[in-house]
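A.B. asks: Take a look at the following structure, please.
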Amino acid sequence: MTVSIVVVSHSEKIADGAAELAAQMAPDVLILPAGGTSDGRIGTSLEKVMAALDQLSNGGGAVVLADLGSAVMTAESALDLVDNPADVVLADAPLVEGLVAAAVAAQGGGDVQAVKRAAEAVRGPARHPESTAVQEVAEGSVTGSGPDFTGDFELINEAGMHARPAAKIAGGLASLDAEVQVNGVDATSMTALMTLAAGKGSVLHIEAWGVDAERAVNYVGGLVQAGFGEP
Amino acid sequence: MVLDVTWTVKWLTLCAQAMAEHRVELIELDRAIGDSDHGENMDRGFQAVLDKLSESPPETPGAALKLTAMTLMSKVGGAAGPLYGTAFLRAATSLGDAAEIDPAAWAGALTAARDGIVARGKAELGDKTMVDAWTPAAEAAGKAAGNGSTDPLTVLVAAAEAAEAGAVATDPLVARKGRASYLGERSAGHRDPGAASTALLLRAAVKAAA
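Here is the structure:
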């Protein structure tokens, strides 16, 4: 069952727009906006949030994202009132980035906790463009536990690594039991992949640990070699 | 005086009246240190409460407070919605199905409301928020009820006076929670609008019993 997502914002336009943006990356995920008050003002409404939660009847659970202070309080109030509190969780994440990451994780088949973690992971330590180079210098150094499986693949699509390829990689990996890094960054984090800023011709170095390590490397390699289905 | 559902509905009606009367005053308090919507939001919220009360008249004080909670959470829009909503909801739960509110029950309801606000807003005493009015009110009501007072009015008055004093005491404080906290030191010298509206609501409870 796919996890659904509810977007609580002070502004109806923000909630609708963020849901629309995330839906582009996650066509099969139900993303319900609950923005603004019921009479169209700036603010949040318990009624709207409850109405969105009521629409979630598919049993896969839901992750709720909220923007500023009182949207969080309204979302928490709604969670106090739902019948199945274990299936509905609030993610503490920046609204837009968190929503996109959550949607991608849900699209990839992650459960409620995995989708929540994906949303919250975008708040991780800030990555600077230089850090990629640092990671490359570190490559080859002997570590205690080398990857179980690795692979190198050249990006052949014109646009290289951007949002949609990053979403495909991160989304697909969410359901595999493997820890995967691409050029040293977490491959299940769409935002981390995007910060690689890898263009056409760049080589992606994939390292994977865990039961599904081989499948994970083949999955990413397959996508890269197919140009992510892009020109 | 018996604090039954008739008293409760009268209280809520007087709350709506107080929010309408003090709308501009609350807007001005909020303009100084917030986003100037508190008076308007509270007025709109309590007008919606009046509509709900006449649409589906509640049978117990608890039911009236629950209806109020759900309406405020849906209609206020700003932070006061989930905060007052949670307060009224916790108070309703604390009262249960009882037909009347005795002094100990009123003190219990105020304490539950105060705890709900603290849980929801994560503010502490002295942060220059409505907690600074609710906390002394709940404590004063508890003390009055503990002194063996069987007259509900005594307990209502004790709570209202403590809330008013608590609201006045927010004037010199520097805000540590909510929109006003962005102002830092500049928030000192202004009364917290949420503490002010709390005092008005608890004063309305006295008027409903008078």
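Protein sequences appear in the order of chains V and Y.
In this text, residue positions in the first sequence follow the numbering used here: the first is -5, and each later residue adds one.
In this text, residue positions in the second sequence follow the numbering used here: the first is 1028, and each later residue adds one.
Note that beta-carbon positions come from the ideal geometry of N, C-alpha and C, so glycine has one too.
Please read these numbers as outputs of a predicted model, since none were measured by experiment.
Assuming Ala46/V and Val82/V make a contact with CB atoms under 8 Å, what is their CB distance in whole Å?
C.D. replies: Walking along the first sequence from the start, residue 46/V turns up at place 52. Walking along the first sequence from the start, residue 82/V turns up at place 88. No, Ala46/V and Val82/V are not in contact; Cβ-Cβ is about 11 Å, not under 8 Å.
A.B. asks: If we cut at 8 Å on Cβ distances, does Ser1101/Y have a partner in chain V?
C.D. replies: Taking the second sequence and counting its residues from 1, the one referred to as residue 1101/Y is at position 74. Yes, Ser1101/Y lies at the interface with chain V (some Cβ there is under 8 Å from its Cβ).
A.B. asks: DSSP three-state call for Val83/V: helix, strand or coil?
C.D. replies: Translated into the one-based positions of the first sequence, residue 83/V becomes position 89. Val83/V: strand per DSSP, three-state reduction.
A.B. asks: Does the count of Cβ pairs from the segment 85 to 101 of chain V and the segment 137 to 156 of chain V closer than 8 Å reach three?
C.D. replies: They do not touch, by the three-pair rule.
A.B. asks: At the 8 Å Cβ level, is Ala1222/Y part of the contact set with chain V, yes or no?
C.D. replies: As a position in the second sequence, residue 1222/Y is number 195, starting the count at 1. Ala1222/Y does not count as touching chain V.
A.B. asks: Within 8 Å of any Cβ in chain Y, is that where the Cβ of Gly29/V sits?
C.D. replies: Looking up residue 29/V in the first sequence gives position 35. It does not; no Cβ of chain Y falls within 8 Å.
A.B. asks: Between which two residues does the alpha helix (DSSP H) carrying His1065/Y extend?
C.D. replies: Numbered from its first residue, the second sequence carries residue 1065/Y at position 38. Taken as a continuous stretch (DSSP letters only), the alpha helix (DSSP H) holding His1065/Y covers His1065 to Glu1082.
A.B. asks: What are the complete beta strand (DSSP E) segments, minimum 3 residues, inside the segment 9 to 49 of chain V?
C.D. replies: Taking only runs of at least 3 residues, the beta strand (DSSP E) segments lying wholly in the segment 9 to 49 of chain V are 25 to 29.
A.B. asks: Assign Gln101/V to one of two classes, buried (16 or more other C-beta atoms within 10 Å of its C-beta) or exposed (fewer than that).
C.D. replies: The residue given as residue 101/V occupies position 107 in the first sequence. When all chains shown are included, Gln101/V counts as buried.
A.B. asks: With a cut-off of 8 Å, does the C-beta of Ser3/V fall near any C-beta of chain Y?
C.D. replies: Translated into the one-based positions of the first sequence, residue 3/V becomes position 9. Chain Y, which has no Cβ nearer than 8 Å to the Cβ of Ser3/V, makes this no.
A.B. asks: Are any of the Cβ atoms in chain Y nearer than 8 Å to that of Glu236/V?
C.D. replies: Here chain V covers residues -5 to 225 and nothing more, so residue 236/V does not appear.
A.B. asks: Whole angstroms is fine: what's the gap from Met1028/Y's alpha carbon to Thr1181/Y's?
C.D. replies: As a working note, residue 1028/Y is residue 1 in the second sequence. As a working note, residue 1181/Y is residue 154 in the second sequence. Looking at the two C-alpha atoms, the distance is approximately 11 Å.
A.B. asks: Please report the distance separating the alpha-carbon of Gln1074/Y from that of Ala1043/Y.
C.D. replies: Residue 1074/Y sits at position 47 when you count from the first residue of the second sequence. Residue 1043/Y sits at position 16 when you count from the first residue of the second sequence. Rounded to the nearest angstrom, the two C-alpha atoms are 6 Å apart.
A.B. asks: Is it true that the CB of Ala80/V sits closer than 8 Å to the CB of Thr38/V?
C.D. replies: The count along the first sequence starts at 1 and reaches residue 38/V at position 44. The count along the first sequence starts at 1 and reaches residue 80/V at position 86. Contact flag unset, no.
A.B. asks: May I ask you to report which of helix, strand or coil DSSP gives Leu1094/Y?
C.D. replies: For the purposes of this step, residue 1094/Y is identified with residue 67 of the second sequence, where counting begins at 1. Leu1094/Y: helix per DSSP, three-state reduction.
A.B. asks: Looking at C-beta atoms only, is the number of pairs between the segment 190 to 204 of chain V and the segment 1141 to 1160 of chain Y that lie closer than 8 Å three or more?
C.D. replies: As far as the Cβ criterion goes, the segment 190 to 204 of chain V does not touch the segment 1141 to 1160 of chain Y, which means the pair count is below three.
A.B. asks: Along chain V, in chain order, which residues have C-beta atoms closer than 7 Å to that of Ala1106/Y?
C.D. replies: The sequence position of residue 1106/Y within the second sequence is 79, counting from 1. The contacting residues are Gly63, Ser64 and Met67.
A.B. asks: Taking 8 Å as the CB-CB limit, is Thr1138/Y close to chain A?
C.D. replies: Here chain A cannot be found, since the structure's protein chains are V and Y.
A.B. asks: At which residues does the beta strand (DSSP E) containing Glu1127/Y begin and terminate?
C.D. replies: In the second sequence, the residue the question calls residue 1127/Y occupies position 100. Unbroken run through Glu1127/Y: none, as it is neither H nor E.
A.B. asks: Under a Cβ-count criterion, where at least 16 other Cβ atoms within 10 Å of its own Cβ denotes burial, should Ala1146/Y be classed as buried or exposed?
C.D. replies: Counting from one through the second sequence, the residue named residue 1146/Y turns up at place 119. By the neighbour-count rule (16 or more Cβ atoms within 10 Å), Ala1146/Y is not buried but exposed.
A.B. asks: Residues of chain V with CB closer than 8 Å to the CB of Gly1112/Y, please, in chain order.
C.D. replies: In the second sequence, the residue the question calls residue 1112/Y occupies position 85. Those within 8 Å of Gly1112/Y in chain V are Leu40 and Ser71.
A.B. asks: Residues of chain Y with CB under 9 Å from Ser196/V, in chain order?
C.D. replies: Along the first sequence, one-based indexing puts residue 196/V at 202. What Ser196/V touches in chain Y: nothing, since even the nearest Cβ is about 43 Å away.
A.B. asks: Kindly list, in the order they appear in chain V, the residues whose Cβ is closer than 8 Å to that of Pro1147/Y.
C.D. replies: Walking along the second sequence from the start, residue 1147/Y turns up at place 120. The question names Pro, but residue 1147/Y in the sequence shown is Arg. Neighbours of Arg1147/Y on chain V, chain order: Met67, Glu70 and Ser71.
A.B. asks: In whole angstroms, what is the alpha-carbon distance linking Gly140/V and Leu84/V?
C.D. replies: As a position in the first sequence, residue 140/V is number 146, starting the count at 1. As a position in the first sequence, residue 84/V is number 90, starting the count at 1. Those two C-alpha atoms are separated by around 36 Å.
A.B. asks: Kindly indicate which three-state DSSP category Asp180/V falls into: helix, strand or coil?
C.D. replies: Residue numbering aside, residue 180/V sits at position 186 when the first sequence is read from its first letter. Residue state, collapsed to three classes: strand.
A.B. asks: According to DSSP, is Ile1144/Y part of a helix, a strand, or is it coil?
C.D. replies: Within the second sequence, residue 1144/Y is the residue found at index 117, counting from 1. Looking at Ile1144/Y - three-state DSSP - the assignment turns out to be helix.
A.B. asks: Kindly indicate which three-state DSSP category Glu133/V falls into: helix, strand or coil?
C.D. replies: Taking the first sequence and counting its residues from 1, the one referred to as residue 133/V is at position 139. Residue placement at Glu133/V is flagged as unreliable, the pLDDT there being 40, under the threshold of 50; a coordinate-derived value is accordingly withheld.
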